[in-house]
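Participant: First, the structure itself, so that you have it in front of you.
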Amino acid sequence: MQAFEYASPTRKEQVATLLGEHGAILAGGTDLLALMKDDVVTPRRLVNIKQIETLRGTSYQPGNGLRIGALTTIADLVEDANVRQNYPVLAEAANEAASPQIRNLATIGGNMCQRPRCWYFRNGLGLMPVTADGKSMVLEGDNRYSAILGNTGPAYFVSPSTIAPVLIAYGAKIRLYSPSAPGSGVRELPLENFFVIPKSQKDSEHDLRPGELVIELVVPPPSQNVKIGTYEVRQRAAFDWPLAQATAVLEMDGNTVKSARIVLGHVAPIPWLDIGGAQEIIGKSITPETAMASANASVALARPLSHNKYKITLTKVAVKRALLKAAVHNSGGAA
Amino acid sequence: MKDDTAQKPDSNSGVTRRDFMKISGIGVAVPLVLGPKLVEAAGEEVAVHGPGKVAVTLDVNGRKLTAQLEPRVTLLDALRDNFNLTGAKRVCDRGACGACTVLMDGKTVYACAVLAIDAQNTKITTIEGLAQGDALTPVMEAFVEHDAQQCGFCTPGFIVATTHFLASHPSPTMEDIRRGLSGNYCRCGTYNGIRAVALATKGRVS
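If you read the protein sequences in the order shown, they are chains C and L.
The first sequence begins at 72 in my numbering and counts up by one.
The second sequence begins at 61 in my numbering and counts up by one.
Shown next, in the form of structure tokens:
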């Protein structure tokens with residue numbers, strides 16, 4: 072690991088100045104330190120934000136929903152009584168992430184900013200590795216875990232967070248702070264818009280501006296007629312990233328789906344809003360047949376690379392099972 | 061190399077090689093540990109440490125330990141290289157194998173994934189701090205009884221993880237045990253023995 076300076080400010084207003092042009096934010100550090108040890112990123116200064124008390128804690132109000140401070144650890148989220156009661160699928164996804172030791176350190180803000188696990192990227196070849204003659208190393212090489220959706224290029228990695236798709240399905244927003252932003256300095260955007268497919272090597276996969284800091288996530292209150300299910304297809308039961316993941320949030324009118332939001336994980340460079348699959352289930356009751364039809368619609372636009380066709384099948388499995396799990400789910404809140 | 065070559069002034073810098081050696085010697089004599097520089101941020105001065113060595117004080121197994129460390133030194137390397145606590149093992153050094161598991165404020169963490177400077181003001185417990193003197197803990201005894209090790213390199217991390225898991229889960233199912241110990245690898249494959257340890261000692265760890 073290359074040498075760096077280290078600062079621990081106590082107020083969020085101080086972070087941007089301390090970061091300067093070559094700084095990086097240190098929260099849990101579980102991803103950042105590994106990237107630094109491999110010289111994938113080489114910040115000259117780390118700004119530890121764990122002394123900033125306003126970034127801590129969660130709060131829940133029935134009318135306003137849930138606020139999750141950026142420094143909330145994944146383990147805190149699993150144990151949080153309000154999360155367990157009102158957003159059980161969020162607690163479930165958090166509990167499936169990584170390992171106990173990682174969950175005790177890693178923060179929700181850091182989880183949103185986690186860098187892709189793509190092995191080309193992790194070996195220092197960038198998000199869009201190319202060969203000497205300008206060809207994509209991913210297309211030419213081993214792309215078994217690469218994207219099947221949103222992969223028109225030149226980015227083929229998959230978004231690594233298992234928690235982001237669930238938060239997006241719940242309608243979460245992310246709040247970012249920068250002293251140079253207008254007004255209070257807080258910029259709020261739907262969480263799905265925080266993730267972007269980079270178009271060139273210079274671009275990031277996050278809409279995070281220089282000096283900007285994730286301060287919190289806000290999740291709207293669960294409605295009474297909602298059914299939710301999530302499913303991860305995994306090679307290993309624990310301490311691994313899924314091969315495909317689907318989360319379905321369905322607003323019901325009796326047994327009929329009135330509106331639907333399905334978000335896929337690990338199949339595209341961003342958490343993937345599955346418009347086709349959601350459209351297909353609206354107006355229907357959830358049965359194995361309608362869930363399968365929705366799953367087929369989910370991957371209608373999928374384009375396999377040379378070694379990842381199997382991910383299309385696994386994505387269908389994830390969507391179908393997420394819908395069937397939602398069908399037997401008791402909605403959050405007082406239900 | 062002839063002597064006169066060494067005496068010839070460097071045409072670029074005007075400094076002879078001999079002078080350079082002298083200057084370097086003076087450089088080494090200057091203390092490497094300097095106070096932090098202060099950077100003004102949002103109307104307040106914030107201490108910026110490093111990249112050179114900084115005084116780092118850790119609370120490990122109830123003892124205050126201090127060393128001069130660069131900010132880039134991990135908790136794991138500080139424990140092993142500076143404080144002679146070699147129970148936590150350096151295997152993957154990427155937060156993926158569990159061999160360096162220690163307790164930080166009572167929770168399991170990978171010591172390789174924490175900077176030593178960032179572990180200040182927390183309470184660290186290593187495998188060395190679990191036992192009282194030479195007496196083995198019930199979990200340690202059970203590791204011997206159930207033949208739960210082969211090469212033994214993962215054992216300290218597994219014992220810390222198992223001890224903490226059982227303290228917070230007094231009556232786990234086998235599925236709970238599998239999940240609860242999923243952050244540690246044993247490449248010899250002694251998982252059956254380790255799970256037997258957890259079953260045999262559950263309810264006896266606090």
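Each residue gets a CB set at the ideal place from its N, CA and C atoms; glycine is no exception.
In chain order, what residues of the same chain lie with their CB nearer than 8 Å to the CB of Met363(C), ignoring the 5 residues before and after it?
Facilitator: Taking the first residue of the first sequence as position 1, residue 363(C) is located at position 292. Lys387, Lys391.
Participant: Which runs of the alpha helix (DSSP H) fall wholly inside the stretch 256-294 of chain C and span at least 4 residues, in chain order?
Facilitator: 262-265
Participant: If I measure Cβ to Cβ from Asn166(C) and keep anything under 7 Å in the same chain, skipping five residues before and after, which residues do I get?
Facilitator: On the first sequence, position 95 is the one that residue 166(C) refers to. The answer, listed in chain order, is Val149.
Participant: Compile a chain-ordered list of the residues in the stretch 153-178 of chain C whose CB is closer than 7 Å to at least one CB of chain L.
Facilitator: Ser170, Pro171, Gln172, Ile173, Asn175, Leu176
Participant: Just the Cα atoms here: how many angstroms apart are Arg374(C) and Thr134(L)?
Facilitator: As a working mapping, residue 374(C) is identified with position 303 in the first sequence. As a working mapping, residue 134(L) is identified with position 74 in the second sequence. If you take the alpha carbons of Arg374(C) and Thr134(L), they lie about 43 Å apart.
Participant: Taking the C-alpha atoms as reference points, what is the distance between Cys184(C) and Glu283(C)?
Facilitator: Position 113 of the first sequence holds residue 184(C). Position 212 of the first sequence holds residue 283(C). The alpha-carbon atoms of Cys184(C) and Glu283(C) are separated by roughly 12 Å.
Participant: Based on the DSSP output, what are the partners of Tyr131(C) in its beta bridges?
Facilitator: In the first sequence, the residue the question calls residue 131(C) occupies position 60. Bridge partners of Tyr131(C): Leu137(C).
Participant: Buried or exposed, going by whether 16 or more other CB atoms sit within 10 Å of the CB of Thr126(L)?
Facilitator: Along the second sequence, read from residue 1 onward, the residue named residue 126(L) stands at position 66. That one is exposed.
Participant: Hey, is Gly23(L)'s beta-carbon within less than 7 Å of any beta-carbon in chain C?
Facilitator: Residue 23(L) lies beyond the range of chain L shown here (61 to 266); nothing can be said about it.
Participant: Quick check on the DSSP output: the beta strand (DSSP E) that includes Ala95(C) runs from which residue to which?
Facilitator: Within the first sequence, the letter at position 24 stands for residue 95(C). That run of the beta strand (DSSP E) goes 94-97.
Participant: Given that a residue counts as buried once 16 or more other Cβ atoms are within 10 Å of its Cβ, and exposed if not, what is Val320(C)?
Facilitator: Counted from its first residue, the first sequence places residue 320(C) at position 249. Val320(C) is buried by the Cβ-count criterion.
Participant: Using a beta-carbon distance below 7 Å, is Ser228(L) in contact with chain C?
Facilitator: For the purposes of this step, residue 228(L) is taken as the residue at position 168 of the second sequence. No, no contact with chain C.
Participant: Could you list which residues in chain L have their beta carbon closer than 7 Å to that of Arg188(C), in chain order?
Facilitator: As a first step, residue 188(C) is located in the first sequence; it is residue number 117 there, counting from the start. Within chain L, no residue has its CB atom less than 7 Å from the CB of Arg188(C), the nearest being about 11 Å off.
Participant: Is Ala308(C) buried or exposed, if buried means 16 or more other CB atoms sit within 10 Å of its CB?
Facilitator: Counting from 1 along the first sequence, the entry for residue 308(C) is found at position 237. So Ala308(C) counts as exposed.
Participant: Write down every uninterrupted run of the alpha helix (DSSP H) in the stretch 176-245 of chain C whose length is 4 residues or greater and which is fully enclosed by it, in chain order.
Facilitator: At a cut-off of 4 residues, the continuous stretches assigned as alpha helix (DSSP H) that sit fully inside the stretch 176-245 of chain C are 179-183, 190-193, 208-211, 235-240.
Participant: Residue range of the alpha helix (DSSP H) that Arg155(C) falls in?
Facilitator: Position 84 of the first sequence, counted from the first residue, corresponds to residue 155(C). Start and end: 152-157.
Participant: When burial is assigned at 16 or more other CB atoms within 10 Å of the CB, is Arg186(C) buried or exposed?
Facilitator: By 1-based counting over the first sequence, the position of residue 186(C) is 115. The residue in question, Arg186(C), is buried, as its Cβ has 16 or more Cβ neighbours within 10 Å.
Participant: Locate the alpha helix (DSSP H) running through Ile254(L), then write down its first and last residues.
Facilitator: Counting from 1 along the second sequence, the entry for residue 254(L) is found at position 194. Looking at the DSSP string, the run of the alpha helix (DSSP H) that includes Ile254(L) is 251-261.
Participant: May I ask you to verify whether the stretch 78-94 of chain C touches the stretch 99-106 of chain L, counting CB pairs closer than 8 Å and requiring at least 3?
Facilitator: A contact exists between the stretch 78-94 of chain C and the stretch 99-106 of chain L.
Participant: Can you grab the Cα-Cα spacing for the pair Ala240(C) / Gly136(C), in whole Å?
Facilitator: Numbered from 1 along the first sequence, position 169 holds the residue referred to as residue 240(C). Numbered from 1 along the first sequence, position 65 holds the residue referred to as residue 136(C). Straight-line Cα distance between these residues: approximately 14 Å.
Participant: If you count every other CB in all the chains shown that lies within 10 Å of the CB of Ser170(C), and 16 or more means buried, which is it?
Facilitator: Taking the first residue of the first sequence as 1, we reach residue 170(C) at position 99. Buried: at least 16 other Cβ atoms inside 10 Å.
Participant: Find out if the Cβ-Cβ distance for the pair Gly99(C), Gly181(C) is shorter than 7 Å.
Facilitator: Mapped onto the first sequence, residue 99(C) falls at position 28. Mapped onto the first sequence, residue 181(C) falls at position 110. Contact flag set, yes.
Participant: Within 7 Å (strictly less), CB to CB, does Leu220(C) reach chain L?
Facilitator: Translated into the one-based positions of the first sequence, residue 220(C) becomes position 149. It does not: the Cβ of Leu220(C) has no partner Cβ on chain L nearer than 7 Å.
Participant: Rounded to whole angstroms, what is the Cα-Cα separation between Ile352(C) and Ile219(C)?
Facilitator: As a first step, residue 352(C) is located in the first sequence; it is residue number 281 there, counting from the start. As a first step, residue 219(C) is located in the first sequence; it is residue number 148 there, counting from the start. For Ile352(C) and Ile219(C), the gap between their C-alpha atoms comes out near 22 Å.
Participant: Determine the closest residue to Asn273(L) out of Asp165(L), Gly193(L), Ile219(L), with distance taken between C-alpha atoms.
Facilitator: The displayed coordinates of chain L run from 61 to 266. Any statement about residue 273(L) would go beyond what the structure contains.
Participant: Could you check the C-alpha separation between Ile219(L) and Met234(L) for me, to the nearest Å?
Facilitator: Along the second sequence, one-based indexing puts residue 219(L) at 159. Along the second sequence, one-based indexing puts residue 234(L) at 174. Looking at the two C-alpha atoms, the distance is approximately 17 Å.
Participant: Buried or exposed: where does Tyr381(C) fall if 16 or more other Cβ atoms within 10 Å of its Cβ makes it buried?
Facilitator: Here residue 381(C) is taken as the residue at index 310 of the first sequence, counted from 1. Tyr381(C) is exposed by the Cβ-count criterion.
Participant: Residues of chain L with CB closer than 7 Å to the CB of Thr233(C), please, in chain order.
Facilitator: In the first sequence, residue 233(C) corresponds to position 162, counting from 1. Those do not exist, as Thr233(C) stays about 15 Å from chain L at its closest Cβ, beyond 7 Å.
Participant: Going by CA-CA distance only, name the one from Ile286(C), Ala398(C), Asn326(C) that's closest to Arg138(C).
Facilitator: As a position in the first sequence, residue 138(C) is number 67, starting the count at 1. For the residues Ile286(C), Ala398(C), Asn326(C), the minimum Cα distance to Arg138(C) belongs to Ile286(C).
Participant: Determine whether the beta carbon atoms of Ala389(C) and Ala315(C) lie at a separation below 7 Å.
Facilitator: By 1-based counting over the first sequence, the position of residue 389(C) is 318. By 1-based counting over the first sequence, the position of residue 315(C) is 244. Going by C-beta atoms, Ala389(C) is nearer than 7 Å to Ala315(C).
Participant: Going by beta-carbon coordinates alone, are Ala164(C) and Ile96(C) separated by less than 7 Å?
Facilitator: As a position in the first sequence, residue 164(C) is number 93, starting the count at 1. As a position in the first sequence, residue 96(C) is number 25, starting the count at 1. Cβ atoms of Ala164(C) and Ile96(C): not closer than 7 Å.
Participant: DSSP on Leu90(C), reduced to helix/strand/coil?
Facilitator: Taking the first residue of the first sequence as position 1, residue 90(C) is located at position 19. Looking at Leu90(C) - three-state DSSP - the assignment turns out to be helix.
Participant: Check whether the stretch 242-261 of chain L touches the stretch 197-213 of chain L, counting contact only when three or more Cβ pairs, one atom from each stretch, lie closer than 8 Å.
Facilitator: yes
Participant: Could you pull the start and end residues of the alpha helix (DSSP H) that Ser228(L) belongs to?
Facilitator: Here residue 228(L) is taken as the residue at index 168 of the second sequence, counted from 1. First-last of the alpha helix (DSSP H) with Ser228(L): 215-228.
Participant: Can you tell me which of the three DSSP states Gln350(C) falls into?
Facilitator: Reading the first sequence from its first residue, position 279 is the one you call residue 350(C). DSSP, read as helix, strand or coil, puts Gln350(C) in helix.
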